[in-house]
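Heads up: the structure comes next, in structure tokens.
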Amino acid sequence: MTSLRGQPVHPIPSALALTLSPTRPVTAIASADAVVVRHDWSNAEIQALLELPLVDLLWRAQAVHRQANPGYRVQLASLLSVKTGGCEEDCAYCPQSMHHSSDVSGRPELEVEPVLARARAARDAGAHRFCMGWAWREIREGAPFEAMLAMVRGVRELGLEACVTAGMLTDSQAERLAEAGLTAYNHNLDTSPEHYEHIISTRTYQERLETLQRVRGAGITMCCGGIIGMGESMTDRASLLQVLATMEPHPESVPINALVAVEGTPLQEQPPVDPLELVRMVATARILMPHSRVRLSAGREGLNREAQILCLLAGADSIFYGDTLLTTGNPDVAADRELLAAAGVTAWREVLD
Ligand code: SF4
Numbered sequence: 002m003t004s005l006r007g008q009p010v011h012p013i014p015s016a017l018a019l020t021l022s023p024t025r026p027v028t029a030i031a032s033a034d035a036v037v038v039r040h041d042w043s044n045a046e047i048q049a050l051l052e053l054p055l056v057d058l059l060w061r062a063q064a065v066h067r068q069a070n071p072g073y074r075v076q077l078a079s080l081l082s083v084k085t086g087g088c089e090e091d092c093a094y095c096p097q098s099m100h101h102s103s104d105v106s107g108r109p110e111l112e113v114e115p116v117l118a119r120a121r122a123a124r125d126a127g128a129h130r131f132c133m134g135w136a137w138r139e140i141r142e143g144a145p146f147e148a149m150l151a152m153v154r155g156v157r158e159l160g161l162e163a164c165v166t167a168g169m170l171t172d173s174q175a176e177r178l179a180e181a182g183l184t185a186y187n188h189n190l191d192t193s194p195e196h197y198e199h200i201i202s203t204r205t206y207q208e209r210l211e212t213l214q215r216v217r218g219a220g221i222t223m224c225c226g227g228i229i230g231m232g233e234s235m236t237d238r239a240s241l242l243q244v245l246a247t248m249e250p251h252p253e254s255v256p257i258n259a260l261v262a263v264e265g266t267p268l269q270e271q272p273p274v275d276p277l278e279l280v281r282m283v284a285t286a287r288i289l290m291p292h293s294r295v296r297l298s299a300g301r302e303g304l305n306r307e308a309q310i311l312c313l314l315a316g317a318d319s320i321f322y323g324d325t326l327l328t329t330g331n332p333d334v335a336a337d338r339e340l341l342a343a344a345g346v347t348a349w350r351e352v353l354d
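Here the working numbering is used: the first residue of the sequence shown is 2, the next is one more, and so on.
This is the structure:
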């Protein structure tokens, strides 16, 4: 058995015997396993976690998650596409790229007031974070950037966390976004450094890392994750997670996406992701980055209720809320309310209100 710093890879948690006692409170079961935050994970260690027997992986992830997130709260985040389509980048999974022939066409950019109206509606429906996306290679200066700053200020005034995803940015743009009150900037790594050349050719992995550095430098929290189901190997998945888990500090938010294979994109023929692969990715991310928000993101429409609940058990503590994710589908609000009720977990907004 591979070892993790002298420990068995999947030790039977010391508190396992407690599960045999029906009278023992669940919170006490997990409390025997201390949360360890590390930044020196090797690829082999991460791959060993990804390949654990599922029941052992879930147990380890649960032990971490119950300590790091007592109460099992889930954050509901709504995502709105402010500027849709016509993007200069060639991300192989993305229907918004001008290089592909999907039926997502460029639309005029939304203005400040309609965006804030959507944010208000999302808040009233229970969202805690409002994320806004621009299909850009990099942030554009001038009126579009001033509008973005106004949206960030408006979203924060509504009492919501504000997140922006808009491609690369400069130091001064990052600082201005921070001054406007931006909570988080999303910039995904998408996949491993090794598999990256098969997915994107118009922007380097290094440029992505430099963008993330600028975000961190401005004091904005980082939202950074990836996508599975794009032809990558298990080693690639471990490698992506290794890049994230060796950051110091860890990204505060880690979206885990399953590819939505959209017609007209180069990845349109990719087979659907096995839901248990997604569960494994979520669980491993939870173990590696105990205090990060692990976001169950794109691909949820392909999961039944039980698979989604397994992802919550595995350590996902955020879902996107609302029936679209930029341009792809997502379960509707009523379905998500039922999902959380079935799982017996509480949304953050309900705790805060
Ligand atoms: S993922 Fe983002 S950067 Fe890549 S093509 Fe789509 S909109 Fe552009």
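Glycine included, every Cβ here is placed at the ideal spot set by N, Cα and C.
CA nearest to the CA of residue i, picked from the options
| i | options | result |
| --- | --- | --- |
| Glu158 | Ala148, Leu304, Leu117 | Leu117 |
| His66 | Asn44, Val37, Ala49, Leu55 | Val37 |
Buried or exposed by the 16-neighbour rule on C-beta atoms within 10 Å, applied to residue i
| i | result |
| --- | --- |
| Gly143 | exposed |
| Ser202 | exposed |
| His246 | In the sequence as displayed, the identity of residue 246 is Ala instead of His. When all chains shown are included, Ala246 counts as buried. |
| Pro291 | buried |
| Asn189 | buried |
| Asn187 | buried |
| Asp337 | buried |
| Gly160 | exposed |
| Ala78 | buried |
| Asn305 | exposed |
Test item: CB-CB of residue i and residue j under 9 Å
| i | j | result |
| --- | --- | --- |
| Val295 | Ala308 | no |
| Glu162 | Arg130 | yes |
| Met149 | Leu80 | no |
| Cys224 | Ala167 | no |
| Val263 | Cys95 | yes |
| Arg177 | Phe146 | yes |
Close-in-space but distant-in-sequence residues of the same chain around residue i (CB under 7 Å, 5 per side omitted)
| i | result |
| --- | --- |
| Asn70 | Asp318 |
| Thr192 | Ile200, Gly227, Ile228, Met231, Glu233, Asp237, Leu241 |
| Leu59 | Ala284, Leu314, Ala315 |
| Trp42 | Gln243, Ala246, Thr247, Leu289 |
| Leu51 | Met235, Arg238, Ala239, Arg281, Thr285 |
| Gln76 | His129, Arg130, Arg294, Asp318, Ser319, Trp349 |
Inter-residue spacing [alpha-carbon to alpha-carbon] between residue i and residue j
| i | j | result |
| --- | --- | --- |
| Ser234 | Ser82 | 31 Å |
| Ala344 | Gln63 | 14 Å |
| Leu313 | Glu339 | 14 Å |
| Tyr73 | Ala348 | 9 Å |
| Leu268 | Glu198 | 14 Å |
| Ile47 | Leu53 | 10 Å |
| Gly218 | Asp172 | 8 Å |
| Gln214 | Arg141 | 19 Å |
| Val156 | Trp135 | 16 Å |
| Leu210 | Arg61 | 30 Å |
Same chain, Cβ closer than 8 Å to residue i, five either side skipped, listed in chain order
| i | result |
| --- | --- |
| Glu249 | His40 |
| Glu208 | Met169 |
| Ile257 | Gly226, Gly227, Ile229, Leu279, Met282, Val283, Ala286, Val295, Arg296, Leu297, Ser298, Ala317 |
| Val274 | Ile229, Gly230, Ala259, Leu260, Gly300, Gly303 |
| Thr266 | Ala93, Tyr94, Cys95, Pro96, Ser98, His101, Ser103 |
Cβ-based neighbour list, residue i, same chain, cut-off 6 Å, excluding 5 preceding and 5 following
| i | result |
| --- | --- |
| Ala151 | Val113 |
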